[in-house]
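Novice: Input: one structure, supplied below.
2 protein chains.
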Amino acid sequence: MQGCSEFDLIARYLSHLGAQRDDVLQGVGDDAAIVNSTGEPLALALDTIVQDVHFPADLPAHSVGWRALAVNLSDLAAMGAVPCWGLLGLTLPSMDEAWVAQFADGLHALACHHDLAIIGGDVTQGPLTVTVQVTGRLPRQPLLRSGVQPGDHIWVSGRLGEAATGLARWQAQGAAVIEEPLVQRFLYPTPRVSLGLALQGLATAAIDISDGLLADAGHLAERSGVALMLDPARLDEQASNYVSYQAVLRGGDDYELCFSAPADADAAVKQAALAADTELTCIGQAQAGDGVWLGGERVDPRTAGYQHF
Amino acid sequence: MQGCSEFDLIARYLSHLGAQRDDVLQGVGDDAAIVNSTGEPLALALDTIVQDVHFPADLPAHSVGWRALAVNLSDLAAMGAVPCWGLLGLTLPSMDEAWVAQFADGLHALACHHDLAIIGGDVTQGPLTVTVQVTGRLPRQPLLRSGVQPGDHIWVSGRLGEAATGLARWQAQGAAVIEEPLVQRFLYPTPRVSLGLALQGLATAAIDISDGLLADAGHLAERSGVALMLDPARLDEQASNYVSYQAVLRGGDDYELCFSAPADADAAVKQAALAADTELTCIGQAQAGDGVWLGGERVDPRTAGYQHF
Numbered sequence: 014m015q016g017c018s019e020f021d022l023i024a025r026y027l028s029h030l031g032a033q034r035d036d037v038l039q040g041v042g043d044d045a046a047i048v049n050s051t052g053e054p055l056a057l058a059l060d061t062i063v064q065d066v067h068f069p070a071d072l073p074a075h076s077v078g079w080r081a082l083a084v085n086l087s088d089l090a091a092m093g094a095v096p097c098w099g100l101l102g103l104t105l106p107s108m109d110e111a112w113v114a115q116f117a118d119g120l121h122a123l124a125c126h127h128d129l130a131i132i133g134g135d136v137t138q139g140p141l142t143v144t145v146q147v148t149g150r151l152p153r154q155p156l157l158r159s160g161v162q163p164g165d166h167i168w169v170s171g172r173l174g175e176a177a178t179g180l181a182r183w184q185a186q187g188a189a190v191i192e193e194p195l196v197q198r199f200l201y202p203t204p205r206v207s208l209g210l211a212l213q214g215l216a217t218a219a220i221d222i223s224d225g226l227l228a229d230a231g232h233l234a235e236r237s238g239v240a241l242m243l244d245p246a247r248l249d250e251q252a253s254n255y256v257s258y259q260a261v262l263r264g265g266d267d268y269e270l271c272f273s274a275p276a277d278a279d280a281a282v283k284q285a286a287l288a289a290d291t292e293l294t295c296i297g298q299a300q301a302g303d304g305v306w307l308g309g310e311r312v313d314p315r316t317a318g319y320q321h322f
Numbered sequence: 014m015q016g017c018s019e020f021d022l023i024a025r026y027l028s029h030l031g032a033q034r035d036d037v038l039q040g041v042g043d044d045a046a047i048v049n050s051t052g053e054p055l056a057l058a059l060d061t062i063v064q065d066v067h068f069p070a071d072l073p074a075h076s077v078g079w080r081a082l083a084v085n086l087s088d089l090a091a092m093g094a095v096p097c098w099g100l101l102g103l104t105l106p107s108m109d110e111a112w113v114a115q116f117a118d119g120l121h122a123l124a125c126h127h128d129l130a131i132i133g134g135d136v137t138q139g140p141l142t143v144t145v146q147v148t149g150r151l152p153r154q155p156l157l158r159s160g161v162q163p164g165d166h167i168w169v170s171g172r173l174g175e176a177a178t179g180l181a182r183w184q185a186q187g188a189a190v191i192e193e194p195l196v197q198r199f200l201y202p203t204p205r206v207s208l209g210l211a212l213q214g215l216a217t218a219a220i221d222i223s224d225g226l227l228a229d230a231g232h233l234a235e236r237s238g239v240a241l242m243l244d245p246a247r248l249d250e251q252a253s254n255y256v257s258y259q260a261v262l263r264g265g266d267d268y269e270l271c272f273s274a275p276a277d278a279d280a281a282v283k284q285a286a287l288a289a290d291t292e293l294t295c296i297g298q299a300q301a302g303d304g305v306w307l308g309g310e311r312v313d314p315r316t317a318g319y320q321h322f
């Protein structure tokens with residue numbers, strides 16, 4: 014169906030399923046859902062990665078395990094949540110013991126780094142698909158997508174476009190380039206969990222960049238009801254001899270954070286970046302209006318980033 | 014790999030992933046995991062159903078949505094948990110709006126019946142696969158698989174073998190038999206949530222029957238370190254002109270509960286069945302030893318039920 018994106022589908026059919034419950038503080042529509050259990054609020058996220066859609070068939074199993082968890086931890090990072098527990102749904106075409114062992118190693122390594130326990134799940138036969146569900150504690154106010162205020166500065170972590178460039182390198186050359194830093198950025202994304210925690214009480218909104226900066230900035234703008242004015246010069250500085258300006262704008266799979274903070278909080282934001290040992294770049298400012306704007310030109314959301322359908 | 018079952022794989026590679034955390038009360042190995050959040054303990058389960066593996070490609074989308082949630086609610090039922098929140102991971106080969114609308118209706122109907130909110134998830138492109146994750150509250154002690162005591166009576170809910178028989182009817186005749194009661198039992202399984210709650214403080218252990226009675230009774234026996242002596246006469250009474258004795262023993266997809274309770278609690282168990290409006294049959298007794306025994310013959314676990322690999 015032409016023009017019917019993943020997001021339209023979710024919005025129309027899957028955003029109001031089941032009962033309405035008073036203990037659901039945030040349902041479909043943010044990086045994770047928030048429920049009010051009898052103690053601290055909890056953030057819950059679930060993401061699926063599918064072979065040949067989200068990763069090439071020849072990707073090392075160790076990376077597949079790491080990435081399946083990383084994309085979920087990135088959602089918790091964007092909420093400012095502390096990862097606690099994960100469940101794994103692994104669908105495998107056949108029983109390849111060596112593959113499973115390496116997959117488990119990759120997932121285990123990232124889980125241990127974030128003190129997350131894998132507490133259950135399901136293994137089934139079928140086309141290679143990995144679903145991970147994670148739950149985190151929210152000791153403070155969550156970072157929602159909807160909090161950007163006019164005047165806020167817009168920030169991104171890390172170096173955008175590197176993962177998409179690394180994926181292209183892998184697809185062209187395969188295992189021969191596995192040690193290249195850009196390829197490693199695709200194979201082993203770094204969920205910005207400690208940055209998300211350091212930004213609590215400071216950032217007004219956050220989203221993780223999975224579908225490309227322009228596409229995900231569009232979600233921030235829409236949910237917050239503001240216009241995001243992005244500065245091409247600052248984004249061009251993220252490009253290099255290896256990473257194109259277009260990859261910076263539209264490349265997916267970065268799993269960096271894009272967030273907003275009051276303009277007078279620049280010093281505190283930089284302090285948080287130091288505390289989380291994460292590079293930050295201020296890429297623009299919010300103002301009244303709508304949409305994402307790049308050097309005064311409005312970005313067409315239909316061509317902003319990666320679409321599954 | 015011949016002889017390497019789904020369960021062996023999970024046990025070997027996926028049962029100890031990630032960090033060891035003090036707040037995990039039950040990890041891999043029961044119907045659901047249990048975590049101790051800052052308030053009431055929570056039960057978490059995740060199950061995947063794959064087209065052509067767990068259901069035929071021509072199954073109505075409404076049933077696929079219902080079943081994807083039902084298999085998960087059945088896990089919560091087997092823990093004695095109160096369903097609260099669900100996340101949906103839907104992988105679709107193409108954007109078929111009518112299919113998604115019916116799928117959503119089926120899932121919604123069952124979710125509402127159990128006051129469960131679908132709070133988030135992920136829609137991706139790929140071979141048709143549905144993963145649902147559910148979280149429930151545990152107001153009282155959970156029903157684990159490990160609690161069967163020698164002398165306990167063994168009970169099952171509902172009528173075993175009906176779903177497997179209904180599936181065979183569907184595979185032979187398709188939509189022409191959709192209204193037949195046995196086919197409806199496959200299309201719309203009834204997770205025994207209210208029975209699980211009624212059994213709290215009464216049952217010593219429980220499991221839901223997804224892979225067939227003998228196979229799942231084997232998990233109870235193994236986790237509890239007892240022998241389960243099943244009575245062929247009582248099981249034969251569940252067979253009929255339509256449902257074979259073998260389907261009662263080995264048919265999967267019933268999503269009934271198999272549980273144990275002290276022999277002197279028979280009256281209270283029957284009272285709980287009345288309260289939950291669920292038929293119950295006492296099918297045997299536990300004793301010291303191991304394995305599942307049927308009329309004095311030991312059941313070979315390798316041929317007990319359905320195996321994905």
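So the protein lines, in turn, are chains U and R. Position one of the first sequence corresponds to residue 14 (our numbering), numbered consecutively onward. Position one of the second sequence corresponds to residue 14 (our numbering), numbered consecutively onward. Yeah, the Cβ is synthetic: ideal placement off N, Cα and C, and Gly gets one too. Model, not experiment: these values are computed from the prediction.
(1) Please report whether the beta-carbon of residue 159/R lies at a distance below 8 Å from any beta-carbon of chain U.
(2) Which chain R residues are close to residue 4/U, counting only those with a beta carbon under 7 Å from its beta carbon?
(3) Would you check if the distance between the CB atom of residue 234/R and the CB atom of residue 240/R is smaller than 8 Å?
(4) If you count every other CB in all the chains shown that lies within 10 Å of the CB of residue 316/R, and 16 or more means buried, which is it?
(5) Taking the alpha-carbon positions, what's the residue 272/U to residue 256/R distance?
(6) Could you tell me which chain U residues have their CB closer than 7 Å to the CB of residue 58/R, listed as they occur along the chain?
(7) Given residue 184/R, which residues of its chain have a CB within under 8 Å of its CB, disregarding the five upstream and five downstream residues?
(8) Would residue 34/R pass as an interface residue toward chain B - the criterion being a Cβ-Cβ separation below 8 Å?
(9) What is the DSSP secondary structure of residue 314/U, reduced to helix, strand or coil?
(10) When the Cα atoms are used, what is the spatial distance from residue 321/U to residue 305/R?
(11) Does the contact criterion of 3 or more C-beta pairs under 8 Å hold for the segment 144-152 of chain U versus the segment 49-59 of chain U?
(12) Evaluate residue 17/U with the Cβ neighbour count: other Cβ atoms within 10 Å of its Cβ, from every protein chain shown; 16 or more gives buried, anything less gives exposed.
(13) Examine chain R for any beta-carbon lying closer than 8 Å to the beta-carbon of residue 142/U, and answer yes or no.
(14) Could you work out which residues of chain U lie near residue 146/R, taking near to mean beta carbons separated by less than 7 Å?
(15) Would you mind stating whether residue 341/U and residue 76/U have Cβ atoms separated by less than 8 Å?
(16) Are the CB atoms of residue 208/U and residue 170/U within a distance shorter than 8 Å?
(17) Quick check: the Cα distance between residue 269/U and residue 221/U, rounded to an integer number of angstroms?
(18) Using DSSP's beta-bridge definition, name the partner residues of residue 104/U.
(19) Strictly by DSSP, which residues pair up with residue 291/U?
(20) Should the segment 237-253 of chain U be called in touch with the segment 291-300 of chain U, which here means at least 3 C-beta pairs below 8 Å?
(21) Could you name the residues of chain U that residue 139/R contacts, counting a contact when the two beta carbons are closer than 7 Å?
(22) Can you list, in chain order, the stretches of the beta strand (DSSP E) that have 3 or more residues and sit fully within the segment 28-62 of chain R?
(23) Starting from the beta carbon of residue 129/U, find every residue of chain R whose beta carbon is closer than 7 Å, and list them in chain order.
(24) Who are residue 304/U's beta bridge partners in DSSP?
(25) Roughly how many angstroms lie between the CA atoms of residue 291/R and residue 167/R, to the nearest whole one?
(26) Which runs of the alpha helix (DSSP H) fall wholly inside the segment 177-215 of chain R and span at least 4 residues, in chain order?
(27) Using 8 Å for Cβ pairs, my map puts residue 60/U next to residue 36/U. What's the rounded Cβ distance?
(28) Once the 5 residues before and after residue 139/R are set aside, which same chain residues still bring their CB inside 8 Å of it?
(29) Roughly how many whole angstroms lie between the Cα atoms of residue 281/R and residue 83/R?
(30) Please report the Cβ distance between residue 286/R and residue 174/R, rounded to the nearest whole angstrom; I am assuming they are in contact, meaning their Cβ atoms lie under 8 Å.
(31) Does any residue of chain R have a CB that is nearer than 8 Å to the CB of residue 40/U?
(32) For chain R, check one thing: does any of its Cβ atoms lie closer than 8 Å to the Cβ of residue 111/U?
(33) Excluding the 5 residues preceding and the 5 following residue 20/R in the sequence, name in chain order all residues of the same chain whose CB lies nearer than 6 Å to its CB.
(34) Near residue 15/R, which residues of its chain fall below 6 Å by C-beta distance, leaving aside the five closest residues on each side in sequence?
(35) Nearest-angstrom Cα distance between residue 123/U and residue 80/U?
(36) My output table needs one value for residue 256/R: the three-state DSSP class, helix, strand or coil.
Specialist: From the atom records:
(1) By 1-based counting over the second sequence, the position of residue 159/R is 146. For residue 159/R, the answer is no, since every Cβ of chain U falls outside 8 Å of its Cβ.
(2) The requested residue 4/U is not part of the displayed model; chain U covers only 14 to 322.
(3) Within the second sequence, the letter at position 221 stands for residue 234/R. Within the second sequence, the letter at position 227 stands for residue 240/R. Yes, they are a contact pair.
(4) Sequence index remark: in the second sequence, residue 316/R carries index 303 (1-based). Exposed, because fewer than 16 other Cβ atoms sit within 10 Å of the Cβ of residue 316/R.
(5) Along the first sequence, one-based indexing puts residue 272/U at 259. Along the second sequence, one-based indexing puts residue 256/R at 243. Cα to Cα, residue 272/U sits roughly 60 Å from residue 256/R.
(6) The residue you call residue 58/R lines up with position 45 of the second sequence. 133, listed in chain order.
(7) Locating residue 184/R in the second sequence gives position 171, counting from the first residue. Counting only Cβ-Cβ distances below 8 Å, and skipping sequence neighbours, we find 69.
(8) Chain labels in this structure do not include chain B; the protein chains are U and R.
(9) Walking along the first sequence from the start, residue 314/U turns up at place 301. Reduced to three states, the DSSP call for residue 314/U is helix.
(10) To locate residue 321/U, count along the first sequence from 1; it is residue 308. To locate residue 305/R, count along the second sequence from 1; it is residue 292. At residue 321/U the pLDDT is 41, less than 50, meaning the model places this residue with poor confidence and gives no usable figure here.
(11) yes
(12) Indexing the first sequence from 1 puts residue 17/U at position 4. Note that residue 17/U has pLDDT 41, beneath the 50 cutoff, so the model's placement of it is unreliable and the number below is only indicative. With fewer than 16 other Cβ atoms within 10 Å, it is exposed.
(13) Numbered from its first residue, the first sequence carries residue 142/U at position 129. Yes, because at least one Cβ of chain R sits closer than 8 Å to the Cβ of residue 142/U.
(14) Within the second sequence, residue 146/R is the residue found at index 133, counting from 1. Chain U residues near residue 146/R: 59, 100, 146.
(15) For chain U, the structure presents residues 14 to 322; residue 341/U sits outside this window and is missing.
(16) Numbered from 1 along the first sequence, position 157 holds the residue referred to as residue 170/U. Numbered from 1 along the first sequence, position 195 holds the residue referred to as residue 208/U. Yes, they are a contact pair.
(17) By 1-based counting over the first sequence, the position of residue 269/U is 256. By 1-based counting over the first sequence, the position of residue 221/U is 208. Cα-Cα distance, rounded: 6 Å.
(18) Indexing the first sequence from 1 puts residue 104/U at position 91. Per DSSP, 137/U, 142/U.
(19) Position 278 of the first sequence, counted from the first residue, corresponds to residue 291/U. Paired residue(s): none; residue 291/U is not in a bridge.
(20) yes
(21) The count along the second sequence starts at 1 and reaches residue 139/R at position 126. Per Cβ cutoff of 7 Å: 63, 66, 140, 142.
(22) 37-39, 46-49
(23) For the purposes of this step, residue 129/U is taken as residue 116 along the first sequence, with counting starting at 1. Ordered by position in chain R, the residues that pass the 7 Å Cβ test against residue 129/U are 31, 32.
(24) Residue mapping note: residue 304/U aligns to position 291 of the first sequence, counting from 1. Answer is 240/U, bridged to residue 304/U.
(25) Within the second sequence, numbered from 1, the residue matching residue 291/R stands at position 278. Within the second sequence, numbered from 1, the residue matching residue 167/R stands at position 154. Distance between the alpha carbons of residue 291/R and residue 167/R: 16 Å.
(26) 194-200, 206-211
(27) The sequence position of residue 60/U within the first sequence is 47, counting from 1. The sequence position of residue 36/U within the first sequence is 23, counting from 1. Between residue 60/U and residue 36/U the beta-carbon gap is near 23 Å, outside 8 Å, which marks them as no contact.
(28) Translated into positions along the second sequence, residue 139/R becomes position 126. 104, 105, 106.
(29) Within the second sequence, numbered from 1, the residue matching residue 281/R stands at position 268. Within the second sequence, numbered from 1, the residue matching residue 83/R stands at position 70. Each residue's alpha carbon lies about 27 Å from the other.
(30) Against the second sequence, residue 286/R aligns to sequence position 273. Against the second sequence, residue 174/R aligns to sequence position 161. Rounded, the Cβ-Cβ distance is 19 Å, inconsistent with contact.
(31) Taking the first sequence and counting its residues from 1, the one referred to as residue 40/U is at position 27. Output row for residue 40/U: interface = yes.
(32) Taking the first sequence and counting its residues from 1, the one referred to as residue 111/U is at position 98. By this cut-off, residue 111/U is not an interface position.
(33) Against the second sequence, residue 20/R aligns to sequence position 7. Per-residue confidence for residue 20/R stands at a pLDDT of 45, beneath the threshold of 50, marking its modelled position as unreliable; no derived number is given.
(34) Reading the second sequence from its first residue, position 2 is the one you call residue 15/R. Note on residue 15/R: pLDDT 30, under 50, position unreliable in the model; no value is reported.
(35) For this step, residue 123/U is matched to residue 110 along the first sequence. For this step, residue 80/U is matched to residue 67 along the first sequence. Distance between the alpha carbons of residue 123/U and residue 80/U: 9 Å.
(36) Looking up residue 256/R in the second sequence gives position 243. Reduced to three states, the DSSP call for residue 256/R is coil.
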